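Enquirer: With the working numbering, letter number 91 in the sequence shown gets 98, and the count goes up by one each step, no holes. Glycine included, C-beta positions come from ideal geometry on N, C-alpha and C. All values reported here derive from a predicted model rather than from experimental measurement. Submitted below is the structure of interest, expressed as structure tokens.
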Amino acid sequence: MSSDDRLWDRWEEVDALLDRALDLPIAEQVPFVRAECGDDAELADLVVRLLEVDAADGEPLSPSDSVLRGAFSDPLQAAAGPLVGSLAGAYRLVELIGRGGMGLVFRGERADGAFEREVAVKVFHRDPAVAWLADRFALERQILATLNHPGIAQMLDGGVTAEGRPFLVMELVDGVPIDRHARERRLGVDDKVRLVREVGEAVEHAHRHLVVHRDLKPSNILVTVEGPVKLLDFGIAKLLSPDPLDESGSVTRADRRFATPEYAAPEQLLGEPVSTLTDVYSLGALLYELLTGLRPYERRDGESVLERMIRGDEPTAPSAAVVGSDRDGELSRSLGGDLDAILLRALQTRPESRYPSVGAFLDDLTRYLDGRPVVARGDARWYRARRFARRHRAALGAAGGVFLLLAGSATGLALQRAAVVAERDRAEAAAERAQLESRTSRVVTAFLVDLFEASDPAAQRGDTLTVRALLDRGVERVDRDLADQPLVRSELLLALSDVNLRVGNIDEAGRLATRA
8 MSSDDRLWDR WEEVDALLDR ALDLPIAEQV PFVRAECGDD AELADLVVRL LEVDAADGEP
68 LSPSDSVLRG AFSDPLQAAA GPLVGSLAGA YRLVELIGRG GMGLVFRGER ADGAFEREVA
128 VKVFHRDPAV AWLADRFALE RQILATLNHP GIAQMLDGGV TAEGRPFLVM ELVDGVPIDR
188 HARERRLGVD DKVRLVREVG EAVEHAHRHL VVHRDLKPSN ILVTVEGPVK LLDFGIAKLL
248 SPDPLDESGS VTRADRRFAT PEYAAPEQLL GEPVSTLTDV YSLGALLYEL LTGLRPYERR
308 DGESVLERMI RGDEPTAPSA AVVGSDRDGE LSRSLGGDLD AILLRALQTR PESRYPSVGA
368 FLDDLTRYLD GRPVVARGDA RWYRARRFAR RHRAALGAAG GVFLLLAGSA TGLALQRAAV
428 VAERDRAEAA AERAQLESRT SRVVTAFLVD LFEASDPAAQ RGDTLTVRAL LDRGVERVDR
488 DLADQPLVRS ELLLALSDVN LRVGNIDEAG RLATRA
């Protein structure tokens, strides 16, 4: 049997090991493969052969990149050679354009002359000894038939070739992987968030049809020339509805083998039941990589991703992960706070600790983009006030210059009105005075936090002395004008203490907190 025939027959094993090897430094790849294969010299030789072709190509091939470049595809072209020019239903296979654990992907064209159309044709491996391949083909076709969304590559046809190989005819997507698109376009943080939100909308559509994708990674998400994203490859997707075929032990075990560890949820790698929360994790891993250039769990010191998860390692917060490569700190500041909280929640090891659905995850991304408080940060009053300030920064910036006058006026009006009411009816005056104090407290506190959040040097690179001068003036005004309103005075002193703490004036923060 030729080496090309052996490559075809053992492609599932070769592909899985190749992906793992390509994730390592070049010097470690071949030793890793030899060690993993043990006495299986044939498997080691096949993988090493592909690694050598990759090295000769001059640039690393990402294991998440399913598009085969010319130099890398030579061995696969030999294996796929007999299929080029053959028919898959009404379509002729023109050239090999991709690979997967369960088959090869060809560019196809309509062969019967009825009309012109280019398509992608996924041809499954033919191996009578592996019955689950036929089962998986049937399941993937069943899944794709239920999905109709502009963000999901559409299935057009399916069947079995004259040689007995199952195939699927898919929409041919002219695009590039999402990570490459973000890199080449130099997208900013918010644009990357919008891109993942668009992916999430397609995933949410699948979930509404009881389909979990289970393999969300950059190579399965293409950004088209026109701009929209397209979600590809439901090859290891799972139906959540009871289905004897989907629950087949052989299919389930095989699907686990083909999952991509760097994007797979812990329950997936452990062979535990999956749910829509599995895709929440993978979307979080995808956004994490787009924003930081790193994966939540990188192989380290010979440990696999799963080993690190089992040991209890938590992903590094995105803002901390980029510190080494973020010279001016701008990216770290952009990721800190809301995005840290959103991603760390999506990437929780325990499914029940993540967002309860993809929709909830997308809602929080939308809140972040709109400048509204995100659920992942909780419901603290100071945090919600800060987000309000950012959302209305221009208006509050103009108001900042007259803040102290406004605070004084509000207090004066409250006192004057309370005095008039007191002359008329002391009991009614006391009640209304309490209400006025409460309202004044809430309004003035919000203005204080908003004003000093806009002046926060960590966010605006402003002058710390200017901020502290404003804080000192605020304390003076509180002491002078609110001495007879203890409730309002106490709440404002606490707010001033909080702002002092956030600008690094720790001693003053403690002093004000004690006074409050």
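Please confirm whether Val-485 and Leu-500 have their CB atoms less than 8 Å apart.
Expert: Yes, they are a contact pair.
Enquirer: In terms of residues, what are the limits of the beta strand (DSSP E) holding Gly-115?
Expert: Residues 110-117.
Enquirer: Locate the alpha helix (DSSP H) running through Asp-186, then write down its first and last residues.
Expert: Per DSSP, Asp-186 belongs to the alpha helix (DSSP H) from 185-192.
Enquirer: By the 10 Å Cβ neighbour count, where 16 or more other Cβ atoms means buried, how is Ile-33 classified, buried or exposed?
Expert: Answer is exposed; the Cβ neighbour count stays below 16.
Enquirer: Given Leu-75, which residues of its chain have a CB within under 8 Å of its CB, disregarding the five upstream and five downstream residues?
Expert: The predicted model places Leu-75 with a pLDDT of 35, which falls under 50 and marks its position as unreliable, so this point remains unresolved.
Enquirer: Please state the DSSP three-state secondary structure of Phe-131.
Expert: Strand.
Enquirer: By alpha-carbon positions, which one of Asp-197, Thr-168, Ile-228, Leu-50 ends up nearest to Arg-374?
Expert: The shortest C-alpha separation from Arg-374 is found at Asp-197.
Enquirer: Using the three-state DSSP reduction, which class does Tyr-270 fall into: helix, strand or coil?
Expert: Coil at Tyr-270, not helix or strand.
Enquirer: Check this for me: beta carbons of Val-176 and Asp-164, under 8 Å apart or not?
Expert: Yes, the Cβ-Cβ distance between Val-176 and Asp-164 is below 8 Å.
Enquirer: When you compare only the Cα positions, how much space is there between Leu-277 and Glu-178?
Expert: Using only the alpha carbons, I get a separation of about 33 Å.
Enquirer: The beta strand (DSSP E) spanning Lys-224 covers which residue range?
Expert: First-last for Lys-224: undefined, no H or E at that position.
Enquirer: Check the C-beta distance from Lys-199 over to Leu-290 and give it rounded, since I have them as a contact under 8 Å.
Expert: The Cβ separation is near 12 Å, so there is no contact.
Enquirer: In whole angstroms, what separates the C-alpha of Lys-224 from that of Ala-23?
Expert: About 15 Å.
Enquirer: Can you tell me the Cβ-Cβ gap for Val-21 and Leu-58, rounded? I've got them flagged as a contact below 8 Å.
Expert: No, Val-21 and Leu-58 are not in contact; Cβ-Cβ is about 11 Å, not under 8 Å.
Enquirer: Nearest by alpha-carbon distance to Tyr-304: which of Thr-323, Leu-294, Asp-286 is it?
Expert: Among Thr-323, Leu-294, Asp-286, the Cα nearest to that of Tyr-304 is on Thr-323.
Enquirer: By how many angstroms is the C-alpha of Thr-231 removed from the C-alpha of Arg-187?
Expert: Taking the straight line from one Cα to the other gives about 12 Å.
Enquirer: Which residues in the same chain have their Cβ closer than 7 Å to the Cβ of Leu-353, if we skip the five residues on either side of it in sequence?
Expert: The amino acid occupying residue 353 in the given sequence is Ala; Leu does not appear at that position. Within the same chain, Ala-353 has close Cβ partners Val-287, Tyr-288, Leu-290, Gly-291, Arg-361, Tyr-362, Phe-368.
Enquirer: Going by the DSSP bridge assignment, what does Ala-95 pair with across the sheet?
Expert: According to DSSP, Ala-95 bridges with Tyr-98.
Enquirer: To the nearest angstrom, report how far apart Thr-153 and Asp-370 are at their CA atoms.
Expert: Between Thr-153 and Asp-370, the C-alpha separation is close to 25 Å.
Enquirer: DSSP on Leu-503, reduced to helix/strand/coil?
Expert: Helix.
Enquirer: Where do the ends of the alpha helix (DSSP H) carrying Pro-173 lie?
Expert: No alpha helix (DSSP H) holds Pro-173; the beta strand (DSSP E) holding it covers 173-178.
Enquirer: Enumerate in chain order the residues of its own chain whose CB-to-CB distance from Val-482 is below 8 Å, with the five nearest sequence positions on each side excluded.
Expert: Contacts found: Leu-500, Leu-503, Leu-519.
Enquirer: Under the three-state reduction of DSSP, which class applies to Val-230: helix, strand or coil?
Expert: If DSSP states are grouped into helix, strand and coil, Val-230 belongs with the strands.
Enquirer: Helix or strand or just coil, what does DSSP make of Val-4?
Expert: The question about residue 4 has no answer here: the residues shown for the chain are numbered 8 through 523.
Enquirer: For Ala-160, which of Arg-143, Val-128, Thr-168, Arg-172 has the nearest alpha-carbon?
Expert: Of the candidates Arg-143, Val-128, Thr-168, Arg-172, the one whose C-alpha sits nearest the C-alpha of Ala-160 is Val-128.
Enquirer: Rank Glu-211, Asp-488, Ile-228, Gly-171 by C-alpha distance to the C-alpha of Ala-189 and give the top, closest one.
Expert: It is Ile-228.
Enquirer: For Tyr-270 and Arg-99, I'd like the C-alpha separation in whole angstroms.
Expert: Whole-angstrom Cα-Cα distance: 34 Å.
Enquirer: Starting from Val-365, follow the alpha helix (DSSP H) in both directions and report where the run begins and ends.
Expert: Note, Val-365: alpha helix (DSSP H), 365-377.
Enquirer: Could you give the residue range of the alpha helix (DSSP H) that holds Leu-284?
Expert: Run containing Leu-284: 283-299, per the alpha helix (DSSP H) assignment.
Enquirer: Go ahead and pull the three-state DSSP assignment for Gly-88.
Expert: Helix.
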